[in-house]
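Read through the structure below, which is laid out as structure tokens, and then see the notes.
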Amino acid sequence: MESADWAGRIDTVERRMDSMELRWDESFAALSTQILQSNRETREAILATLRGEVAGEFSAVRTEFTGEFSAARAEMGSEFSNVRAEIASEFSKVRTEFASEFSNVRAEMAGEFSAVRAEMAGGFSAVRAEVAGEFSTMRAYFETVLADSQEETRRYMRVLYEDILSRIALLGEGRPSSS
0 MESADWAGRI DTVERRMDSM ELRWDESFAA LSTQILQSNR ETREAILATL RGEVAGEFSA
60 VRTEFTGEFS AARAEMGSEF SNVRAEIASE FSKVRTEFAS EFSNVRAEMA GEFSAVRAEM
120 AGGFSAVRAE VAGEFSTMRA YFETVLADSQ EETRRYMRVL YEDILSRIAL LGEGRPSSS
């Protein structure tokens, strides 16, 4: 073969290698973009789910409090009507009892509200800790997946590189030596 044929073949191989390199760069960039998009979508889905759950819990607590307050209002209404009837007949005696009852009710209600606040604080703290743990777990998982995919891509690129080198070596073996 003539050296012009060999030079043409080598040019063709070099152009093909350049083309392959460009396609690999584009493929890697597209894969990276897909992985980043998947991470964003997963985080958004988790946040949407957690928001829904928290909203449901708040709604349940509101409903529960509404029922409790309605019952307390009904009980207090009947108690007040009883007290008014007694006030009409024994005003001074009821005034003393009334004051002590309200003192007890206030202390009781203050204790109950304090307990409810403490329970809610504990519940919110647990939810915060759980959400933080889930985010940490998801972050670690995605970092592992990304590292694994990068390592696999590197491995595949090395195999392709070695294959190209061996093909070039085979082409070089068929070329007459310049010495």
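For what it's worth, numbering that gives the first Met the number 0 labels the leading residue of the sequence shown as 0, then goes sequentially.
Glycine included, every Cβ here is placed at the ideal spot set by N, Cα and C.
In this text, all values refer to a predicted model and were calculated from it rather than measured experimentally.
Alpha-carbon to alpha-carbon, Arg-127 and Glu-133: In the sequence shown, the residue the question calls residue 133 occupies position 134. In the sequence shown, the residue the question calls residue 127 occupies position 128. Going from the Cα of Glu-133 to the Cα of Arg-127 covers about 10 Å.
In its own chain, which residues sit with a C-beta less than 7 Å from the C-beta of Leu-145, not counting the 5 before and 5 after it? By 1-based counting over the sequence shown, the position of residue 145 is 146. Excluding sequence neighbours, Leu-145 sits near Ile-34.
From this set, Val-158, Ser-37 and Val-115, which residue's C-alpha is nearest Glu-142's C-alpha? In the sequence shown, counting from the first residue as 1, residue 142 sits at position 143. Nearest Cα to Glu-142 within the set Val-158, Ser-37 and Val-115: Ser-37.
By Cβ distance below 8 Å, which residues in the same chain neighbour Arg-153 in space, the five residues on each side in sequence not counted? In the sequence shown, residue 153 corresponds to position 154, counting from 1. Cβ contact annotation for Arg-153 (same chain, cutoff 8 Å, sequence separation greater than five): none.
Proximity below 7 Å, CB of Val-130 to CB of Leu-46: Stepping through the sequence shown from its first residue, residue 130 is reached at position 131. Stepping through the sequence shown from its first residue, residue 46 is reached at position 47. The answer is no: Cβ separation not under 7 Å.
Compare the C-alpha of Gln-149 against each of Met-75, Asp-17, Phe-27 and Asp-162 and name the closest. Position 150 of the sequence shown, counting from 1, holds the residue named residue 149. Nearest Cα to Gln-149 within the set Met-75, Asp-17, Phe-27 and Asp-162: Phe-27.
Note down the Cα distance separating Leu-159 from Arg-42, rounded to an integer number of angstroms. Locating residue 159 in the sequence shown gives position 160, counting from the first residue. Locating residue 42 in the sequence shown gives position 43, counting from the first residue. Roughly 35 Å between the two C-alpha positions.
Length of the line joining the Cα atoms of Phe-123 and Phe-57: Reading the sequence shown from its first residue, position 124 is the one you call residue 123. Reading the sequence shown from its first residue, position 58 is the one you call residue 57. The straight-line gap from Cα to Cα measures roughly 11 Å.
Where does Glu-133 fall in DSSP's three states? Along the sequence shown, one-based indexing puts residue 133 at 134. Reduced to three states, the DSSP call for Glu-133 is helix.
Secondary structure at Glu-89, three-state DSSP: helix, strand or coil? The residue you call residue 89 lines up with position 90 of the sequence shown. Under the three-state reduction of DSSP output, Glu-89 falls in the coil class, being neither helix nor strand.
Going straight from the alpha carbon of Ser-18 to that of Glu-40, what length do you get? Indexing the sequence shown from 1 puts residue 18 at position 19. Indexing the sequence shown from 1 puts residue 40 at position 41. Distance between the alpha carbons of Ser-18 and Glu-40: 33 Å.
Could you name each continuous beta strand (DSSP E) segment of 3 residues or more that falls completely within the stretch 105 to 151, going from the start of the chain to the end? With a minimum length of 3 residues, no continuous beta strand (DSSP E) run stays inside the stretch 105 to 151.
Report the residue from Ala-6, Thr-11, Ala-44 and Glu-1 whose alpha carbon sits nearest the alpha carbon of Met-137. As a position in the sequence shown, residue 137 is number 138, starting the count at 1. The closest CA to that of Met-137, considering only Ala-6, Thr-11, Ala-44 and Glu-1, is found on Ala-44.
Indicate the three-state DSSP secondary structure (helix, strand or coil) for Glu-67 in the structure shown. Residue 67 sits at position 68 when you count from the first residue of the sequence shown. Glu-67: helix per DSSP, three-state reduction.
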